[in-house]
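A short write-up of the structure that comes next.
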Amino acid sequence: MVETHISLSVNRLLNEDTYAIPLYQRNFAWTYDEIEQLLNDVADAFQEKRDNYYIGTLVVNEENGLFKIIDGQQRTTALNLIALALKHEFSFDRLKAVNLTFPARRKSNENIQKLFTKEKISEDDENELTRGYRHAKDALKKVIEERQLDPQPLFHYLFDNVIIFRSILPKDLDLNLYFERFNSRGEQLEAHEILKAQMIAKFGEDQETAQKFARIWDACAEFDKPVASQFKMRRKRADNFQERERIFGWHFSNYSFHNIYDDIDFYQNERRKLSDILGKKVNEKIIEEEKDCGDYTQVIDFPTFLLHVLAIWEGKDTSEVQLDDKKLLALFDIKNKNKTWIIEFSEFLLKIKHIFDNYIVRNSNIDSSSRNKDEWFLQKGTYYEYQPNGKAKEHYIVEEHFTNNTFSDSEINKTIILLQSMFAVTFTANRDSRWLYEILQFLYKHIEELNQAEFASQFKDFLEKMAVRYAEERMFTEDKSIKKYGAIPVYAFNFVDYVLWKNRAELEKEYKDINFDHFKFAYRRSIEHWYPQNPNGHDGESQLPAEFLHSFGNLCIITDSQNSRFGNSYPEAKLEQWEREGIFYRQSLKLQMMAEITSKKNRWDIGEIQFMEKEVERYVHDFCDS
0 MVETHISLSV NRLLNEDTYA IPLYQRNFAW TYDEIEQLLN DVADAFQEKR
50 DNYYIGTLVV NEENGLFKII DGQQRTTALN LIALALKHEF SFDRLKAVNL
100 TFPARRKSNE NIQKLFTKEK ISEDDENELT RGYRHAKDAL KKVIEERQLD
150 PQPLFHYLFD NVIIFRSILP KDLDLNLYFE RFNSRGEQLE AHEILKAQMI
200 AKFGEDQETA QKFARIWDAC AEFDKPVASQ FKMRRKRADN FQERERIFGW
250 HFSNYSFHNI YDDIDFYQNE RRKLSDILGK KVNEKIIEEE KDCGDYTQVI
300 DFPTFLLHVL AIWEGKDTSE VQLDDKKLLA LFDIKNKNKT WIIEFSEFLL
350 KIKHIFDNYI VRNSNIDSSS RNKDEWFLQK GTYYEYQPNG KAKEHYIVEE
400 HFTNNTFSDS EINKTIILLQ SMFAVTFTAN RDSRWLYEIL QFLYKHIEEL
450 NQAEFASQFK DFLEKMAVRY AEERMFTEDK SIKKYGAIPV YAFNFVDYVL
500 WKNRAELEKE YKDINFDHFK FAYRRSIEHW YPQNPNGHDG ESQLPAEFLH
550 SFGNLCIITD SQNSRFGNSY PEAKLEQWER EGIFYRQSLK LQMMAEITSK
600 KNRWDIGEIQ FMEKEVERYV HDFCDS
């Protein structure tokens with residue numbers, strides 16, 4: 000008899016029983032980020048030497064020995080893809096067969112079996128599973144490299160000590176009713192919401208202070224909006240200053256807050272329960288829609304930001320910072336904090352969020368009049384005053400726009416954007432954002448200088464020195480040569496692109512087809528060989544010696560989707576495809592240079608690889624030594 004509720008190791012999950020993804024389930028939708036997060040969670044548990052690590056529940060419906068997955072299919076599919084990547088890319092083979100089926104999706108069924116047997120999948124047959132496989136491969140490499148882990152013990156821990164709880168629904172259960180209840184139930188409170196509740200409880204009967212605290216917290220928690228926009232501002236020049244001006248100062252350039260609770264309005268006529276304060280944002284009714292805030296994504300999420308703020312508050316060194324949001328409540332330890340601490344921390348939180356909004360890059364989600372989709376930008380709010388309809392007798396109307404560069408020197412502003420976005424696209428996981436902690440800590444230490452004209456250059460110099468230090472720690476061998484395939488991290492490619500951009504005045508004379516000025520960093524994660532390891536028609540053997548094939552001069556970084564299209568084509572064929580599809584200008588600068596050399600010489604061989612490696616090493620060492 001099959002047990003209704005059982006704890007399964009990953010090994011048992013993948014090698015016992017058979018699971019099916021019903022037609023009504025959506026396709027596999029996890030991206031690289033979700034897979035990396037799962038692997039980082041497992042690595043945390045492994046390094047902390049936990050006996051077991053539970054990763055959630057798998058809800059199934061059993062029919063004739065086949066388990067149809069009701070809830071948990073994304074995690075289950077991801078574990079299958081990780082196991083396949085371990086089998087083929089890391090020589091760790093504990094997967095006996097693929098026990099996951101897609102009864103209503105022929106291509107998915109075929110692809111997952113081909114991934115198991117390592118049968119070639121044509122470009123036309125690529126789908127979410129093949130992309131997921133590459134994500135799993137890349138995420139495994141990154142987690143191992145970044146954490147410097149011994150792979151084999153980690154992989155055994157994943158199979159033997161990572162546990163999923165499987166629950167079989169009763170056979171007489173009305174599935175339609177189950178789905179109705181399943182889909183309509185409320186979401187559990189997140190850790191940062193519980194933290195907010197714990198803090199508010201410290202105010203007791205002091206509802207006025209509790210409300211003001213809630214307004215500060217909610218303004219910061221609206222993470223993809225400038226925090227200043229969450230407080231009222233005057234609408235006419237003749238009016239008295241409102242909250243926003245009182246807190247953030249003229250043109251909202253004040254960062255040294257003092258006693259800001261005195262500057263926040265208390266809405267006494269709104270008699271609200273504590274539960275209302277927790278459940279609905281206090282400032283929802285009083286904030287008008289702001290102009291030009293834009294639709295953008297921050298480089299981290301709010302819980303991780305809270306951990307950054309706490310670490311700065313406590314004066315932690317970068318090596319001491321904990322960025323695991325699962326430890327949020329424990330790290331704050333509110334039971335041992337008093338009301339005064341809560342007030343002072345909330346003021347500090349608002350201060351750091353205001354600095355964060357104005358000095359940390361963001362990524363645009365949409366095309367707009369001021370920026371393009373996926374564009375990195377660094378802008379802050381400022382006043383605009385005008386007379387409506389040009390009528391001189393009317394009052395000047397005041398608006399805030401968020402389209403001015405943070406730094407008036409456009410060249411420095413662009414340089415700082417490139418440096419920060421270089422870190423952002425490299426260290427994508429929230430827990431890998433110690434680079435951001437260093438930057439926020441630097442900005443906080445120079446809080447009195449942020450508005451000074453010379454600070455822009457000082458900030459740029461700090462970021463470049465930080466970039467060099469990261470490079471020296473990651474991309475060189477003991478003899479100062481650049482590492483080869485298998486040991487080279489993604490950061491090396493991004494750092495090289497920045498160095499090449501810095502030397503664009505010289506390089507654009509030789510590489511006339513490359514628009515260096517238009518370069519921007521993007522989420523390129525796949526390290527590939529420009530001259531392929533297994534050229535078309537030569538499976539299993541390359542026509543190049545390994546020392547050149549795997550050298551940095553032959554390596555490039557591309558997006559996952561581009562990787563699937565490149566396949567094992569020769570460089571000349573890849574270049575032709577690029578030009579046909581019009582994607583040349585969106586590539587890494589190093590790769591664009593490799594492609595232009597290929598185009599000019601109509602070949603890519605040992606000589607070209609050596610030239611590229613020496614060219615890059617020269618620029619990199621000159622930059623690091625300067």
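The letter at position 439 of the sequence shown is residue 438 when you use numbering that gives the first Met the number 0, and the numbering goes up by one with no holes. Backbone N, C-alpha and C define an ideal beta-carbon position, used for all residues, glycine too.
Check: Boundaries (first-last residue) of the alpha helix (DSSP H) holding L322; Outcome: Per DSSP, L322 belongs to no alpha helix (DSSP H) and is neither H nor E.
Check: Cβ separation of Q419 and I359, assumed to be a contact under 8 Å, to the nearest whole Å; Outcome: 7 Å
Check: Helix, strand or coil at K106 [DSSP, three-state]; Outcome: helix
Check: CA nearest to the CA of F401, picked from L590, P225 and F441; Outcome: P225
Check: Cβ neighbours of E244 in the same chain (closer than 7 Å, five flanking residues each side left out); Outcome: M232 and R233
Check: Residues near F494 in its chain [Cβ-Cβ closer than 8 Å; skip 5 each side]; Outcome: M421, A466, Y469, A470, M474 and V619
Check: For W633, three-class secondary structure by DSSP; Outcome: Absent from the model: residue 633. The displayed extent of the chain is 0 to 625, so no value can be given.
Check: Bounding residues of the beta strand (DSSP E) (the contiguous stretch that carries L57); Outcome: Y52 to E62
Check: Segment contact flag, the segment 403–412 with the segment 329–346, C-beta cutoff 8 Å, min 3 pairs; Outcome: no
Check: Per-residue burial, K284 [other beta carbons within 10 Å of its own, 16 or more giving buried]; Outcome: With a pLDDT of 38 at K284, under the threshold of 50, the modelled position of this residue cannot be trusted, and the question is left open.
Check: Closest residue to Q586 among K519, E47, W375 and L94 (Cα-Cα distance); Outcome: K519
Check: Environment of L22 [buried if 16+ CB atoms lie within 10 Å]; Outcome: exposed
Check: Short Cβ contact (8 Å threshold) for L506 with Y530; Outcome: no
Check: Extent of the continuous beta strand (DSSP E) to which D124 belongs; Outcome: Careful: D124 lies outside any beta strand (DSSP E) and carries neither H nor E.
Check: Start-to-end residues for the alpha helix (DSSP H) that takes in D159; Outcome: P150 to N160
Check: Residue(s) in a DSSP beta bridge with S8; Outcome: I162
Check: G380 burial status per 10 Å Cβ neighbour count (16 or more: buried); Outcome: buried
Check: 6 Å CB neighbourhood of Q576 in its chain, flanking five on each side removed; Outcome: none
Check: Reduced DSSP secondary structure (H/G/I, E/B, other) of Y383; Outcome: strand
Check: Distance between I162 and Y522 (C-alpha atoms, nearest Å); Outcome: 31 Å
Check: Buried versus exposed call for R524 [16 or more other C-beta atoms within 10 Å across all chains shown]; Outcome: buried
Check: Chain-order list of residues whose beta-carbon lies under 7 Å from that of F458 (same chain, five-residue window excluded); Outcome: I415
Check: DSSP-derived helix/strand/coil call for L449; Outcome: coil
Check: Contact under 8 Å by Cβ, A209 with F202; Outcome: yes
Check: Endpoints, the beta strand (DSSP E) within which D70 is located; Outcome: L65 to D70
Check: Rounded separation between I354 and N253 - CA only; Outcome: 10 Å
Check: 7 Å CB neighbourhood of L328 in its chain, flanking five on each side removed; Outcome: A190, I193 and L194
Check: In DSSP terms, what H400 is bridged to; Outcome: T381
Check: Bridge partners - C555, DSSP secondary structure assignment; Outcome: E527
Check: Stretch pair the segment 110–126 + the segment 86–102: three plus CB contacts closer than 8 Å; Outcome: yes
Check: Run of the alpha helix (DSSP H) containing Y436, from where it starts to where it stops; Outcome: R433 to K444
Check: Residue from N335, N412, M198 and N450 whose Cα sits closest to the Cα of W249; Outcome: N450
Check: The segment 73–81 touching the segment 93–101, judged by at least three CB pairs closer than 8 Å; Outcome: yes
Check: N362 - containing beta strand (DSSP E), residue span; Outcome: R361 to S363
Check: Sequence-distant residues of the same chain with beta carbon closer than 6 Å to R370, five excluded per side; Outcome: S363 and F376
Check: Buried versus exposed, by CB contacts within 10 Å (16 or more), H4; Outcome: exposed
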